[in-house]
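Below you'll find the structure, written out as C-alpha cells, and then a few comments.
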Amino acid sequence: MPGHIVARLAMASLGLVLTLVPGTAAAAAKGGMEISAAPSHAARVGEPVRISGSGDEEAARYLRACLQERETGRPGWRTLACGATVGAGAGARVETRVWPRRRGVFQVRGVLYGLNRPGAARPEPLRASPVVTVRVR
Numbered sequence: 056m057p058g059h060i061v062a063r064l065a066m067a068s069l070g071l072v073l074t075l076v077p078g079t080a081a082a083a084a085k086g087g088m089e090i091s092a093a094p095s096h097a098a099r100v101g102e103p104v105r106i107s108g109s110g111d112e113e114a115a116r117y118l119r120a121c122l123q124e125r126e127t128g129r130p131g132w133r134t135l136a137c138g139a140t141v142g143a144g145a146g147a148r149v150e151t152r153v154w155p156r157r158r159g160v161f162q163v164r165g166v167l168y169g170l171n172r173p174g175a176a177r178p179e180p181l182r183a184s185p186v187v188t189v190r191v192r
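Residues 56 to 192 (the numbering used here) make up the sequence shown, in order.
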C-alpha cells in the first residue's frame, strides 16, 4: 500500500473516533437531588421536623421527588412522601413534616424517580441525595 493511502486510512479512523467521543460526552445526564431538614439542632420528641427536597434530571421525560426515612439499626428505607410528577426541566419538589415518637436518631434521604409518562406504574430511581441525620432528644 502506498504511504499516502495508509495515512488517509489512519486519519479517517482517527476522525471516526473523534466524532464518537463528543457524542458519548453529550449523552451523560446532568442533574441532582438535595434535601434539608429543619430545625438544624436536635429535635424534641413530638416536635415537628420539616423535610424538603428538590431535584432535576435531563435523562427522564417526567420526574417525581420522594423522601424516605430509616431508623438507625433498622434495615431498609420507608417512603415518607412524594411530590407531584413534573416534566423534565421543571424541577421536582417534595415537602413533608414528621413528628418523631422516640429519642434517638433517624435518617432521611431524597430519591428522584424518572417516569416515561405521568401515570407510570413503575418509576425508575435516578438519583439519591446524601443522607441527612436528625437527632431526637
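Just so you know, even glycine gets a beta-carbon here, dropped at the ideal spot from N, CA and C.
*Nearest to Arg164 by alpha carbon, out of His96, Ala120, Val141 and Arg157?*
Here residue 164 refers to the residue found at position 109 of the sequence shown. Ranked by how close their Cα comes to the Cα of Arg164, the residues His96, Ala120, Val141 and Arg157 have Ala120 in first place.
*Where the beta strand (DSSP E) through Pro180 begins and ends*: Taking the first residue of the sequence shown as position 1, residue 180 is located at position 125. It spans Glu179 to Ala183 - the beta strand (DSSP E) in which Pro180 sits, taken as one unbroken run.
_Between Trp154, Val149, Arg172 and Val166, which has its C-alpha nearest Ala97's C-alpha?_
Counting from one through the sequence shown, the residue named residue 97 turns up at place 42. Nearest of Trp154, Val149, Arg172 and Val166 to Ala97, Cα basis: Trp154.
*CA-CA distance, Pro94 and Phe161?*
Taking the first residue of the sequence shown as position 1, residue 94 is located at position 39. Taking the first residue of the sequence shown as position 1, residue 161 is located at position 106. Going from the Cα of Pro94 to the Cα of Phe161 covers about 14 Å.
*Would you please state the rounded distance, in angstroms, between the beta carbons of Gly142 and Tyr117? I believe it to be under 8 Å.*
Start at 1 with the first residue of the sequence shown, and residue 142 comes out as number 87. Start at 1 with the first residue of the sequence shown, and residue 117 comes out as number 62. That pair is a contact at about 6 Å.
*State the DSSP-derived secondary structure class of Thr188, mapped to helix, strand or coil.*
The residue labelled residue 188 in the question sits at position 133 within the sequence shown. The DSSP-derived three-state label of Thr188 is strand.
*Thinking just about the alpha-carbon of each residue, which of Gly87, Arg125, Thr134 and Arg172 is nearest to the one in Gly110?*
Residue 110 sits at position 55 when you count from the first residue of the sequence shown. Of all alpha-carbon atoms in Gly87, Arg125, Thr134 and Arg172, the one lying nearest the alpha-carbon of Gly110 is that of Gly87.
*Whose C-alpha, out of Thr140, Arg190 and Val191, is nearest the C-alpha of Pro178?*
On the sequence shown, residue 178 is found 123 positions in, with the first residue counted as 1. For Pro178, the nearest C-alpha among the options comes from Thr140.
*Paired residues, beta bridge with Leu122 - DSSP*: Mapped onto the sequence shown, residue 122 falls at position 67. Per DSSP, Ala136 and Gly165.
*Check whether Pro185 and Val166 have beta carbons under 8 Å apart*: By 1-based counting over the sequence shown, the position of residue 185 is 130. By 1-based counting over the sequence shown, the position of residue 166 is 111. Contact flag unset, no.
_Cβ shell of Glu150 (< 6 Å), same chain only, five flanking positions each side left out_ = Looking up residue 150 in the sequence shown gives position 95. Counting only residues of its own chain and dropping the five nearest sequence neighbours on each side, Glu150 has a CB closer than 6 Å to the CB of Ser107.
*Just how far apart, CA to CA, sit Ala92 and Val191?*
The count along the sequence shown starts at 1 and reaches residue 92 at position 37. The count along the sequence shown starts at 1 and reaches residue 191 at position 136. Their backbone Cα atoms lie some 13 Å apart in a straight line.
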